[in-house]
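Student: If you read the protein sequences in the order shown, they are chains A and B.
Each residue of the first sequence is one higher than the one before, starting from 105 at the first, in this note's numbering.
Each residue of the second sequence is one higher than the one before, starting from 65 at the first, in this note's numbering.
Cβ coordinates follow ideal geometry from the N, Cα and C atoms, glycine included.
Here the structure is a predicted model, which means the values were calculated and not measured.
Dropping the structure in here first, questions after.
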Amino acid sequence: MRYALFLGCTTPARSRQYEMSSRAVLERLGVEVVDLSEFSCCGYPIKASDYYKALLISARNLAICKSKGLSTILTICSSCNSMLRECAYLISKDSELKEKIDKDLKKVGLSVEDDIEIKHIAKLLYEDVGLEEIGSKIERPLKGLKIANHYGCHYLMPKEIYEGEEDILNPYSLDRITEITGAQIVHYGYEKSCCGGPLLVSDEDTALEIARQKLDRVKEAGADAINLVCPFCSLMYDGNQKGIERRFETKYRIPVLYITQLLGLSMGIDSKSLGLNLNVVKARDLIDKIS
Amino acid sequence: MDSLMEAEEKLRGFRETIGSQKLYACFECGHCSACCPVKRIRQEYSPRKIIHMVLLDMLDELISSNIVWYCTNCYLCQELCPQGIRIADLILELKNLSFKRGLSPDGIRRQFELLKTQGRIYLLDEFDQKKRKKAGLPQLGGSIDDLRVLLEG
């Protein structure tokens, strides 16, 4: 099975380490990905301004995937994942919308496609690769490492596009993958709270305060690192952590890892290939702790 | 102007038909406001209040106050509503209406323009592409002329 890798906007521009570690881990697991240079933004950033156009941009990406003979899009950003899935879901449910989108796509020589599967990398790891296979590749168990998992919002919601999967009240995929690495899961409260990222563009003060509330609790719980699956959430907890420390006169110094970096470490992949040097809050102490 | 009227018409209809439920199924339990990550910080923001302002036809006050832009679109209120009211979808419609009236925050308009001109919200410059090459990552940025056509229409 080959997956069309969908990078979106934030990862290549702000979070190369997520892309690098994703590719490194997938290679180790023998998962083949294909890059399509015609992929654009998923459409999510304009959902609040023009919902139909956001769906249209999503539908364009689905059509491009199909035109290359591929049937599954692999996302690594949770918002890309939810936007593309929402589009695919609505196209399959709403024939009037499907026709309207098709008419618009025809203007640029594309057709609406309703049989593209969209999968987030953490779900690919959990469901398609499976814990047993992942477990067989662990070379350096992360014993003694305490991890605070942040699932984020669009990885789990809205629920109708994730029918039959884990829900926000009882999420488990990241916990199961974390356990396989040998690390210990730390619960901290406010676990279901949003990172605040979407407000950066309209109200930075509120956005940073939302992120701060979670960082406070993660610190209190004694976690060594946060583990997450979305570049926008990482921007809030890693990219903005120093700014939050300055603004609120506090100190966290909590490394923020992507699930692919955490997994990569446990598989014995070198930290440079995982882009760990690109994390804003350095993970040196953490790496020392496990080696 | 047509699209603005269309949006307002849709929103008025929304009160009646939202999802499989009606907005006035709201019995004010307050789950939506209690679980909201923004409400904890900004007392003036309340999903419950937004529902009731729409029910009372206070659209103009709601849109001109710009309060809807506090919503992070996290969906938690919608997931936890015992009456199945599609609160996050309602707020998204209100944001769309605010944008059409030219009242949305500058950053929102900027993102729309960026998407139209470059197909992504963060520009990948020569420096980024060099860094990508060095890290063994493929070059990005195929033609997006078709995307421009889709966004113009």
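Assuming E190(A) is part of the alpha helix (DSSP H), what are its boundary residues?
Tutor: Translated into positions along the first sequence, residue 190(A) becomes position 86. Residues S182 to K197.
Student: Which class does K103(B) belong to by DSSP, given the choice of helix, strand or coil?
Tutor: By one-based count along the second sequence, residue 103(B) stands at place 39. The answer is coil: DSSP assigns K103(B) none of H, G, I, E or B.
Student: So which residues of chain A does F163(B) contact, with C-beta pairs closer than 8 Å?
Tutor: Here residue 163(B) is taken as the residue at index 99 of the second sequence, counted from 1. Simply A152, S153 and D154.
Student: What residue does the alpha helix (DSSP H) around K156(A) start on, and which one ends it?
Tutor: Position 52 of the first sequence, counted from the first residue, corresponds to residue 156(A). For the record, residue 156(A) in the displayed sequence is Tyr; it is not Lys. Counted as a single uninterrupted DSSP element, the alpha helix (DSSP H) harbouring Y156(A) occupies residues Y155 to S171.
Student: Counting contacts by CB-CB distance shorter than 9 Å, is F91(B) in contact with chain A?
Tutor: For this step, residue 91(B) is matched to residue 27 along the second sequence. No, F91(B) does not count as interfacial toward chain A.
Student: Using a Cβ-Cβ distance cut-off of 9 Å, determine whether D124(B) contacts chain A.
Tutor: As a first step, residue 124(B) is located in the second sequence; it is residue number 60 there, counting from the start. For D124(B), the answer is no, since every Cβ of chain A falls outside 9 Å of its Cβ.
Student: Compute the Euclidean distance between the alpha carbons of E131(A) and I155(B), then round it to the nearest angstrom.
Tutor: Position 27 of the first sequence holds residue 131(A). Position 91 of the second sequence holds residue 155(B). Approximately 41 Å, taken between the alpha carbons.
Student: In chain A, what lies closer than 9 Å to G171(B) by C-beta?
Tutor: In the second sequence, residue 171(B) corresponds to position 107, counting from 1. By Cβ distance, chain A contributes L304, V305 and S306.
Student: Excluding sequence positions up to five away, which residues of its chain have a Cβ less than 7 Å from the Cβ of E72(B)?
Tutor: Here residue 72(B) corresponds to residue number 8 of the second sequence, with the count starting at 1. The residues are L161.
Student: Who are the near neighbours of M65(B) in its chain, counting only those whose CB is closer than 6 Å to its CB and skipping five residues on each side?
Tutor: If you number the second sequence from 1, residue 65(B) lands on position 1. Annotation note: pLDDT 46 at M65(B) (below 50); position unreliable, coordinate value reported separately. Counting only Cβ-Cβ distances below 6 Å, and skipping sequence neighbours, we find nothing.
Student: Determine, using beta carbons only, whether S126(A) and C146(A) come nearer to each other than 9 Å.
Tutor: For the purposes of this step, residue 126(A) is identified with residue 22 of the first sequence, where counting begins at 1. For the purposes of this step, residue 146(A) is identified with residue 42 of the first sequence, where counting begins at 1. It is not a contact, given that the beta carbons lie outside the stated cut-off.
Student: Quick one: which chain B residues come within Cβ less than 9 Å of P116(A)?
Tutor: Counting from 1 along the first sequence, the entry for residue 116(A) is found at position 12. Ordered by position in chain B, the residues that pass the 9 Å Cβ test against P116(A) are R184, Y186, L188, D192, R196, L201 and L204.
Student: Flag this pair as yes or no: are the beta carbons of R196(B) and P116(A) separated by less than 9 Å?
Tutor: The residue given as residue 196(B) occupies position 132 in the second sequence. The residue given as residue 116(A) occupies position 12 in the first sequence. Cβ atoms of R196(B) and P116(A): closer than 9 Å.
Student: With a threshold of 9 Å between beta-carbons, can Y88(B) be considered close to chain A, or not?
Tutor: Start at 1 with the first residue of the second sequence, and residue 88(B) comes out as number 24. No - not a single Cβ of chain A is within 9 Å of the one on Y88(B).
Student: Select from the segment 134-147 of chain B all residues with a C-beta closer than 9 Å to any C-beta belonging to chain A, and list them in chain order.
Tutor: Those residues of the segment 134-147 of chain B that come within reach of chain A (Cβ to Cβ, closer than 9 Å) are Y134, C135, T136, N137, C138, Y139, L140, Q142, E143 and L144.
Student: As a quick exercise: from F110(A), A387(A) and C191(A), pick the residue whose alpha carbon is nearest that of L204(B).
Tutor: On the second sequence, position 140 is the one that residue 204(B) refers to. The shortest C-alpha separation from L204(B) is found at F110(A).
Student: Per DSSP, what kind of secondary structure is D206(A) in: helix, strand or coil?
Tutor: Taking the first residue of the first sequence as 1, we reach residue 206(A) at position 102. In the structure shown, D206(A) falls within a helical segment according to DSSP collapsed to helix, strand and coil.
Student: Would the segment 347-355 of chain A count as touching the segment 269-277 of chain A if we require 3 or more Cβ pairs under 8 Å?
Tutor: no
Student: Spell out a yes or no on whether the segment 106-125 of chain B and the segment 316-329 of chain A are touching, meaning 3 or more CB-CB pairs, one atom from each, closer than 8 Å.
Tutor: no
Student: Report the three-state DSSP secondary structure of H116(B) (helix, strand or coil).
Tutor: The count along the second sequence starts at 1 and reaches residue 116(B) at position 52. The answer is helix: DSSP assigns H116(B) an H, G or I state.
Student: Between the beta-carbon of Y139(B) and the beta-carbon of M261(A), is there less than 9 Å?
Tutor: Taking the first residue of the second sequence as 1, we reach residue 139(B) at position 75. Taking the first residue of the first sequence as 1, we reach residue 261(A) at position 157. The answer is yes: Cβ separation under 9 Å.
Student: Hey, is L68(B)'s beta-carbon within less than 9 Å of any beta-carbon in chain A?
Tutor: If you number the second sequence from 1, residue 68(B) lands on position 4. Not closer than 9 Å to any Cβ of chain A, the Cβ of L68(B) fails to qualify, so no.
Student: I need the DSSP call for I314(A), collapsed to helix, strand or coil.
Tutor: In the first sequence, the residue the question calls residue 314(A) occupies position 210. I314(A) falls in the helix class under three-state DSSP.
Student: Are I242(A) and S370(A) close, meaning C-beta to C-beta below 9 Å?
Tutor: Position 138 of the first sequence, counting from 1, holds the residue named residue 242(A). Position 266 of the first sequence, counting from 1, holds the residue named residue 370(A). Yes. Within cutoff.
Student: Going by DSSP in three states, G83(B) sits in which element: helix, strand or coil?
Tutor: In the second sequence, the residue the question calls residue 83(B) occupies position 19. Model confidence at G83(B) stands at a pLDDT of 49, short of 50, so the residue's coordinates are unreliable; what they give is reported in the following sentence. Three-state result, G83(B): coil.
Student: Please report the distance separating the alpha-carbon of G83(B) from that of I168(A).
Tutor: The count along the second sequence starts at 1 and reaches residue 83(B) at position 19. The count along the first sequence starts at 1 and reaches residue 168(A) at position 64. With a pLDDT of only 49 at G83(B), under the threshold of 50, the placement of this residue in the model should not be trusted, and no figure is reported.
Student: Would you kindly work out how many angstroms separate the C-alpha atoms of Y230(A) and E295(A), rounded to a whole number?
Tutor: As a working mapping, residue 230(A) is identified with position 126 in the first sequence. As a working mapping, residue 295(A) is identified with position 191 in the first sequence. Cα to Cα, the separation comes out at about 20 Å.
Student: Taking the beta strand (DSSP E) that I139(A) falls in, what are its first and last residues?
Tutor: The residue labelled residue 139(A) in the question sits at position 35 within the first sequence. The amino acid occupying residue 139(A) in the given sequence is Asp; Ile does not appear at that position. Run containing D139(A): E136 to D139, per the beta strand (DSSP E) assignment.
Student: Rounded to whole angstroms, what's the CA-CA distance from V132(B) to K113(B)? Just pull it up for me.
Tutor: Taking the first residue of the second sequence as 1, we reach residue 132(B) at position 68. Taking the first residue of the second sequence as 1, we reach residue 113(B) at position 49. Rounded to the nearest angstrom, the two C-alpha atoms are 11 Å apart.
Student: Residue range of the beta strand (DSSP E) that A252(A) falls in?
Tutor: Walking along the first sequence from the start, residue 252(A) turns up at place 148. K250 to H254 is the span of the beta strand (DSSP E), which, as asked, contains A252(A).
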